[in-house]
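Enquirer: Those protein sequences? They're chains H and B, same order as listed. Take any residue in the first sequence, note its place counting from 1, add 176, and you have its number in my numbering. Take any residue in the second sequence, note its place counting from 1, add 60, and you have its number in my numbering. Virtual Cβ for every residue (Gly too), placed ideally from N, Cα, C. In this text the structure is predicted, and so the values were computed from the model without any measurement.
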Amino acid sequence: MNIVVCAKQVPDTETRIKIAGDKKSIETADINWILNPYDEFAVEEALQIKEKLGAGKVTILSLGPERSVSAIRSALAMGADDAILIKTSDEYHDSLSTAKALAEVLKDMEFDLLLFGKQAVDDDNLQVGPMVAELLGLPCVTSIIELDLQDGKAVARREIEGGAEVVKTQMPAVFTADKGLNEPRYPALRGIMMAKKKTIDEKEVAIDDSRISIVNIEYPPSRKAGKIVGEGADAVPELVKLLRDEAKAI
Amino acid sequence: MSKPVFVITEQREGTFRKVTYEIVSEARRIADKLGSEVVALVPGNAVSEIAQELGQYGADKILVAENDILAHYITDAYRKVALEAIKQVDPDVILIAATAQGKDLAPRIAAGLGVALATDCTGLEVDDGKIKARRPMYANKILADHAFESSPQIASLRPNIFPAQESDAGKSASVETLDISLSDDDLKAKLKELVAGAAGKVDLTEADIIVSGGRGMKSPENYKILEDLADVVGGVVGASRAAVDAGWRPHAEQVGQTGKVVSPQLYIACGISGSIQHLAGMSSSKCIVAINKDPEAPIFEKADYGIVGDLFEVVPRLTEELKKVVDK
Ligand SMILES: Cc1cc2nc3c(=O)[nH]c(=O)nc-3n(C[C@H](O)[C@H](O)[C@H](O)COP(=O)(O)OP(=O)(O)OC[C@H]3O[C@@H](n4cnc5c(N)ncnc54)[C@H](O)[C@@H]3O)c2cc1C
Ligand SMILES: Nc1ncnc2c1ncn2[C@@H]1O[C@H](COP(=O)(O)O)[C@@H](O)[C@H]1O
């Protein structure tokens, strides 16, 4: 079983995002970069499948600037076998250009499963996985919280509003991982040491110009300073009054 | 006349989802600015009855795509129908809900057409005949305005943000049937089972009132007091990741960066500290109430109203007081 996991480097979720002088991009100088949290679920799932079958290979595919190597190493430290980096400039590439470049490399690779995170927590686009599926003509189930392989088919469960869907698909297939799929492992020291020795294959791919651009960025309106209504249960009648008369929320 | 604004609607078992009215209404607003018409696609298996209703929200023309395979959402079938409809309608703008269905379908359509998509938008404007799409990025830490360099311009819209207009019984739309050929062979992936949640339960993303509990709830049993409060005001229960990871509440109820992004009228946070990842999911709520025993808890910086105190005393009292108001 060959599994490819597409993974992206993103700012740590604790990062305070600062808007750059051009008001179109963010300042990247002080950012602590990590492997996208949803991609950790995808890597973990790939490793669990490989371990269960006792055979196979897990390859990480990432597109990004040189610094992406550290996110790739995190995935390798978890236990992935090898990795490919499509090296780009640090500028913004939209989802379709990213998907096209990934598909360009993927079309020459052999795999049974292609895993993505549901979303990259920088652009929050939720696009690249299903776009790659569309470009490669593969079936795709997004935002999955369970994955079972049986008789050459895959059965995945995804949550929808007020319920869940269980989808059975041919393979090879594309899946995007949601929280709930598994608990990503922490890399062991041995894994971290081994990851340093694994080579990362670098590829050059022509990348399309973006078809969408950011023209302006701002901070969300700050909520006006709230009020502490009071202490303990005695403050409740006043709260109810405010909710009804001032906020008109009930 | 400019090319149409095209809406892909969402229904379940012959009833439109609330978000469909929101999106048709927004499509009308945009179309009026562009001087174009609104065409709505209604895919399903028995939907011709309800389709006409969208006229009352501002659709000019409705395309009904009926087939047993479309009874419930399944990617391969819906994408085929949507792409066929788009070919016929030739729109300049495509709007779709940023729901489980829309988030799955929209990128397929965009890639199929070779155009860009703006996901989970919270604002749309028309600027010089083109769409400017505003959407949160970096977990709501910034808002970014996007301009399209491809057409059709596709945007998925966050539920509960765009107001649905009052339905106007005096307005109607022309209804046409979309000719489609669909067979099981079109489906590389098939729906094996549909698991329905608790009947009649509103999803967090569509709820007007959410009562949310965190680690301060201490045990799964204690959520009873939040359910009681939610029942009184017609709300639903949410949770922080700490509560979900402890196994107290299902993942579907998690609010935050790795859970759901919600925008209710009222969000009541009980025993939730207000971590940056939790705020990412609920800071666009219209009114936030925090109940926390720690006056230094960061949630108070984001809350419109706060009570410092023990939630096990405050919440039951709140339920009592609200009962008096609601019963009136
Ligand atoms: C990548 C990543 C993604 C994440 N995604 C999410 C996410 O989607 N959603 C999310 O919620 N978190 C998320 N987190 C976790 C987040 O960082 C916090 O750990 C979490 O939100 C804390 O939950 P909490 O507020 O319930 O618990 P705590 O931070 O422990 O707060 C509990 C609060 O309860 C109060 N309390 C205790 N007892 C009482 C009482 N009797 N009465 C009143 N108040 C009381 C305390 O004063 C405290 O403020 C994520 C973290 C990471 C790293
Ligand atoms: N530059 C990239 N390199 C590799 N994978 C990516 C890249 N961008 C996005 N992805 C994958 O696509 C998923 C969704 O990303 P997005 O559509 O940007 O929210 C991510 O979780 C990754 O699995």
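What residues in the stretch 105-135 of chain B have a beta carbon less than 9 Å from any beta carbon of chain H?
Expert: Residues passing the 9 Å Cβ filter: H132, Y133, I134, T135.
Enquirer: I'd like to confirm something about A91(B): is its beta-carbon nearer than 8 Å to some heavy atom of ligand 3, or not?
Expert: With respect to small molecules bound, the structure shown includes ligand 1 and ligand 2 and not ligand 3.
Enquirer: Under 8 Å Cβ to Cβ from R194(B), same chain only, skipping five residues before and after it: list those, please.
Expert: C181, T182, G183, L184, E185, L203, A204, D205, H206, listed in sequence order.
Enquirer: Secondary structure at M307(H), three-state DSSP: helix, strand or coil?
Expert: If DSSP states are grouped into helix, strand and coil, M307(H) belongs with the helices.
Enquirer: So, do the stretch 356-374 of chain B and the stretch 404-419 of chain H have three or more beta carbon pairs nearer to each other than 8 Å?
Expert: These segments touch.
Enquirer: Could you confirm whether any beta carbon from chain H is found closer than 9 Å to the beta carbon of Q337(B)?
Expert: Chain H contact via Cβ: present.
Enquirer: Hey, could you find the ends of the alpha helix (DSSP H) L165(B) is sitting in?
Expert: Per DSSP, L165(B) belongs to the alpha helix (DSSP H) from 160-173.
Enquirer: Within the 9 Å Cβ cut-off, does M342(B) reach chain H?
Expert: Output row for M342(B): interface = no.
Enquirer: Just to confirm the assignment, what range does the beta strand (DSSP E) spanning I390(H) have?
Expert: Start and end: 388-394.
Enquirer: Please work out which residues of its chain come closer than 7 Å, Cβ to Cβ, to N301(H), disregarding the five sequence neighbours upstream and downstream, and give them in chain order.
Expert: Contacts found: S271, Q295.
Enquirer: Does the distance from the CB of L289(H) to the CB of A349(H) come in under 9 Å?
Expert: Yes; because the gap between Cβ atoms is below 9 Å, this pair is in contact.
Enquirer: Take R77(B) and list the residues in its own chain whose beta-carbon comes closer than 6 Å to its own, dropping the five residues that flank it on each side.
Expert: Excluding positions up to five away in sequence, the list reads E70.
Enquirer: Against D180(B), what residues of chain H qualify as contacts under a CB-to-CB distance less than 9 Å, listed in chain order?
Expert: In chain order: D300, N301, L302.
Enquirer: Is D187(B) buried or exposed, if buried means 16 or more other CB atoms sit within 10 Å of its CB?
Expert: Per the 10 Å Cβ criterion, exposed.
Enquirer: When a residue counts only if its C-beta is closer than 5 Å to some heavy atom of ligand 1, which residues count, in chain order?
Expert: Those residues, listed in chain order, are T189(H), P213(H), G274(B), R275(B), G276(B), S300(B), R301(B), A302(B), G316(B), Q317(B), T318(B), G319(B), G331(B), I332(B), S333(B), S335(B), Q337(B), H338(B), N352(B), K353(B), D354(B), A357(B), D370(B), L371(B).
Enquirer: Would you verify that the beta carbon of N200(B) is, or is not, closer than 9 Å to some beta carbon of chain H?
Expert: Output row for N200(B): interface = yes.
Enquirer: Reducing DSSP to helix, strand and coil, say where T379(B) ends up.
Expert: The answer is helix: DSSP assigns T379(B) an H, G or I state.
Enquirer: Ignoring anything shorter than 4 residues or poking outside the stretch 270-298 of chain B, list the alpha helix (DSSP H) runs there in chain order.
Expert: The qualifying runs are 283-293.
Enquirer: I want to see whether chain D comes within less than 9 Å of I336(H), judged by CB atoms only; does it?
Expert: Chain labels in this structure do not include chain D; the protein chains are H and B.
Enquirer: Report all residues from its chain with a CB closer than 7 Å to the CB of V412(H); omit the five preceding and five following residues, and keep chain order.
Expert: Excluding positions up to five away in sequence, the list is empty.
Enquirer: So L419(H) is in the beta strand (DSSP E); what residue range does that whole segment cover?
Expert: Counting along the chain, L419(H) falls outside any beta strand (DSSP E), and DSSP gives it neither H nor E.
Enquirer: How many whole angstroms separate the CB atoms of A125(B) and V141(B), which I take to be in contact at a CB cut-off of 8 Å?
Expert: Contact holds; Cβ gap of about 5 Å.
Enquirer: Contact criterion: CB-CB distance below 9 Å. Does Q346(H) meet it with respect to chain B?
Expert: Closer than 9 Å: yes.
Enquirer: Could you compute how far the alpha carbon of V153(B) sits from the alpha carbon of D246(B)?
Expert: V153(B) and D246(B): Cα-Cα distance of roughly 27 Å.
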